[in-house]
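Structure, as structure tokens:
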Amino acid sequence: MKRLKILFFVILFLPLIAFSAVYFGNLHAHTSYSDGEGDPVQAFNHARYIAGLDIQAITDHAHYFVQPLEDGSDKFARTKEYAAEFTEPGVFLALAGFEWTATGYGHINVYDTEEWISRDQADLFQLYEWIVKHKALAQFNHPVRDFGDNFREFIYFPEVDRYINLLEVGNGNWASGEVISQEMEMAYRDALRKGWHVGATANQDNHKANWGSANDARTAVIADSLDYESVMRALRSRHVYATEDKNAYVMFSADDAIMGDIVYDATKVTLRISFEDIGDPVSSATLVSLDGEISLPVSGEKWEFSTDITLDLNYEWVYLKIHEKDGDDIITSPIWFQSSSGLYVMNPAFSPSRPAHEEPFILKFDLVNWNEETSYVDLSIRLSNEEVFNRRVRLEPLSRASTSIELSSEEEGLLQIYINGELSWEKPLHLARFSALLDTTHENGQELLNGELLKLIEDLGGRVEVLRGRMRPASLKGKSIFILPLPDAGGFVPMLKKLSAKEMMFISDHLNEGGYLVLVASRDPLEPEIVATYNSLLETLGLKVRFSADGTAILEDGVERDLVVYNVGRGKLLLISHEVALHPTAEFEEQFMKLLGVEHPGGEK
83 MKRLKILFFV ILFLPLIAFS AVYFGNLHAH TSYSDGEGDP VQAFNHARYI
133 AGLDIQAITD HAHYFVQPLE DGSDKFARTK EYAAEFTEPG VFLALAGFEW
183 TATGYGHINV YDTEEWISRD QADLFQLYEW IVKHKALAQF NHPVRDFGDN
233 FREFIYFPEV DRYINLLEVG NGNWASGEVI SQEMEMAYRD ALRKGWHVGA
283 TANQDNHKAN WGSANDARTA VIADSLDYES VMRALRSRHV YATEDKNAYV
333 MFSADDAIMG DIVYDATKVT LRISFEDIGD PVSSATLVSL DGEISLPVSG
383 EKWEFSTDIT LDLNYEWVYL KIHEKDGDDI ITSPIWFQSS SGLYVMNPAF
433 SPSRPAHEEP FILKFDLVNW NEETSYVDLS IRLSNEEVFN RRVRLEPLSR
483 ASTSIELSSE EEGLLQIYIN GELSWEKPLH LARFSALLDT THENGQELLN
533 GELLKLIEDL GGRVEVLRGR MRPASLKGKS IFILPLPDAG GFVPMLKKLS
583 AKEMMFISDH LNEGGYLVLV ASRDPLEPEI VATYNSLLET LGLKVRFSAD
633 GTAILEDGVE RDLVVYNVGR GKLLLISHEV ALHPTAEFEE QFMKLLGVEH
683 PGGEK
């Protein structure tokens, strides 16, 4: 969180924020009108009188609506009738929606409409058009890869963004209530980076007769009152947070704005947080923004917190994540801080992430026009305050333009994007001192992709690339380090896990030419015939060290080791345990930096 600068922290135990009304609901559930149990009458009764919810939505799968009820009536229309019948303003709100389900894309809940549409009538983009036409309220459901590619990787449409206002960071009806997952939170962040303005929800997705009582997961709705108009207004404004605790009260604000709001043209604001959950103290609280995370010095079951922040970019967001000591998680909707220009840069990145000296690299980003009229953007890219690119770009109303620009640099510096003179994004450009290649061609290496070993390499000034497909003679050319993990257990093609004689030759040549090889033991037992091919490599290199028959241990003279280093030709070979690869030890870091001739991250070569 570099650009979101915290100026000072203040912890107060006096009232800073008056709690607005918070209502706890379940916005995703099914009945026998699709693939669940019971009917909407049972569901609304159970949610109100057994689960004690304030709000319950029934969102049956729309493709079941093609088959009417026995009396010939439409299932969705009947659900809406029951919802109106069971609603008692100020006491209980019953909602009717539907779920559009298309495995391959993902699932979306739709609310506040008189009509319905199913996957048989519309693909993802046709559904988006339908949502806009009907001015519906919609929610991205359970964004995990089991259900598809997360809505074509959350490809962004500014007009659709006005109506898809919610995203589930928690979904599940298991008794433990651990429904907020890292995968869904990472998808939440991805959607926010792409430009979507979505609030965080947690719902039970009930298919059994346990509406609201399956666990304590809830969507908390901050509304003026418990009636249809107020709650719909709150949901469309993203005034929600996801909670695994059924009565945790959280208020997150920035001056006069609360979670879910958009603040325009602010340069400095005061963030305020108020928390209360008697009997369930907080273990940690974190502010999350485009630039990362910052832990907050708070604890206890009831507290207030305040901090001033400065805002340098013309588009930023920040949300709050709380972890309670009993394991329950809470994630709020963000507060957005945007320029009133309506012109923004979304999802910027450059590739490779660490280019070599004078090596071309590609800077990619989306230019977004939120305005309802054509806009012109003076695009300027600067490195260390020197302009290296400029162009005038025409943007159609409510549009997104994918942009790719090739650049190169002789030196490191701060890379910045300006649009119409406003700073839209910045990130340090670091040049690669060396390159590393992670092998994933032998059904291996997946666990290391986002692990500490690769992060250490990047911190030391290295660039990490991933070898996919198959190993070829040129694969290792120009690479300083080749990381070869033993295969993962399981998989589909055992032959792919074996190291071939040709591959052994490529690796031997790499070492003889002065390269480094990092061999990583397996986490789980492998078939001996697979491990034997990696031991054949060690024998080919003239070494006596071996992997155990199942590949989980490194044996040097019969003694198990976590780390051994050998000179091979002009290069070096490191054998490390799987645990060391996941969590590099001080000994490994010392050996690794010594081999590379670099100092600890932050030091000079």
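With the first letter of the sequence shown counted as 1, position 314 gets the number 396 in my numbering; the numbers rise by one all the way through.
Just so it is clear, CB atoms sit at the ideal spot from N, CA and C, and this is done for glycine as well.
On a predicted model such as this, the values are computed, not experimentally measured, just so you know.
- With a cutoff of 7 Å on beta-carbon distance, residue 280 and residue 262 are scored as not near each other.
- Under the 8 Å Cβ criterion, the stretch 185–199 does not count as touching the stretch 335–349, having fewer than three qualifying pairs.
- Here DSSP, grouped into helix, strand and coil, assigns residue 594 to helix.
- Residue pairing by DSSP puts residue 420 in a beta bridge opposite 346 and 397.
- Ranked by how close their Cα comes to the Cα of residue 604, the residues 612, 597 and 598 have 612 in first place.
- Excluding the 5 residues flanking it on each side, residue 458 has same chain C-beta neighbours closer than 8 Å at 474, 475, 476 and 477, in chain order.
- According to the DSSP assignment, residue 635 belongs to no beta strand (DSSP E), since it is labelled neither H nor E.
- In this structure, the straight-line span from the alpha carbon of residue 265 to that of residue 552 is close to 29 Å.
- Across the set 218, 287, 189 and 216, the C-alpha of 189 shows the shortest separation from the C-alpha of residue 205.
- Taking 8 Å as the upper bound for CB-CB distance, residue 425 and residue 472 are not in contact here, some 15 Å apart.
- Apart from the 5 residues on each side of it in sequence, residue 166 sits with its Cβ closer than 8 Å to the Cβ of 176 in its chain, given in chain order.
- Within the DSSP bridge table, the entry for residue 341 names no partner.
- Between residue 217 and residue 305, the alpha-carbon positions lie close to 20 Å from each other.
- Taking one beta carbon from each stretch, the stretch 539–549 and the stretch 483–503 have fewer than 3 pairs nearer than 8 Å; the two do not touch.
- Taking the CA atoms as reference points, residue 619 sits about 6 Å from residue 586.
- Taking C-beta atoms as the reference points, residue 406 and residue 466 fail to come closer than 7 Å.
- Assignment of residue 567 by DSSP, reduced to helix, strand and coil, places it in the strand class.
- Taking a 10 Å sphere around the C-beta of residue 360, we find fewer than 16 other C-beta atoms and assign the residue as exposed.
- For residue 507, the enclosing beta strand (DSSP E) stretches over residues 504–511.
- Counting along the chain, the unbroken beta strand (DSSP E) around residue 498 starts and ends at 495–501.
- At the C-beta level, residue 185 and residue 230 come within 7 Å of one another.
- Note on the stretch 529–579: whole beta strand (DSSP E) runs with a minimum of 3 residues are 544–549 and 563–567, in chain order.
- It is roughly 51 Å from the alpha-carbon of residue 543 to the alpha-carbon of residue 203.
- Per DSSP, the beta-bridge partners of residue 486 are 446.
- Under the three-state reduction of DSSP output, residue 245 falls in the coil class, being neither helix nor strand.
- Scanning the stretch 272–339 from its first residue to its last, the whole beta strand (DSSP E) runs of 3-plus residues come out as 281–285, 300–304, 322–325 and 331–336.
- Per DSSP, the unbroken alpha helix (DSSP H) holding residue 622 starts and ends at 610–622.
- Counting only the Cα atoms, residue 142 lies some 11 Å from residue 119.
- Nearest Cα to residue 344 within the set 665, 673 and 422: 422.
- It is roughly 50 Å from the alpha-carbon of residue 591 to the alpha-carbon of residue 223.
- In the DSSP assignment, residue 262 forms a beta bridge with 252.
- The three-state reading of DSSP puts residue 645 in strand, counting E and B together.
- Between the C-alpha atoms of residue 114 and residue 547 there is a straight-line separation of about 50 Å.
- The three-state reading of DSSP puts residue 218 in coil, since its state is none of H, G, I, E or B.
- The straight-line gap separating the alpha-carbon atoms of residue 244 and residue 389 is approximately 30 Å.
- Per DSSP, residue 123 is not a residue of any beta strand (DSSP E); the alpha helix (DSSP H) it occupies stretches across 122–127.
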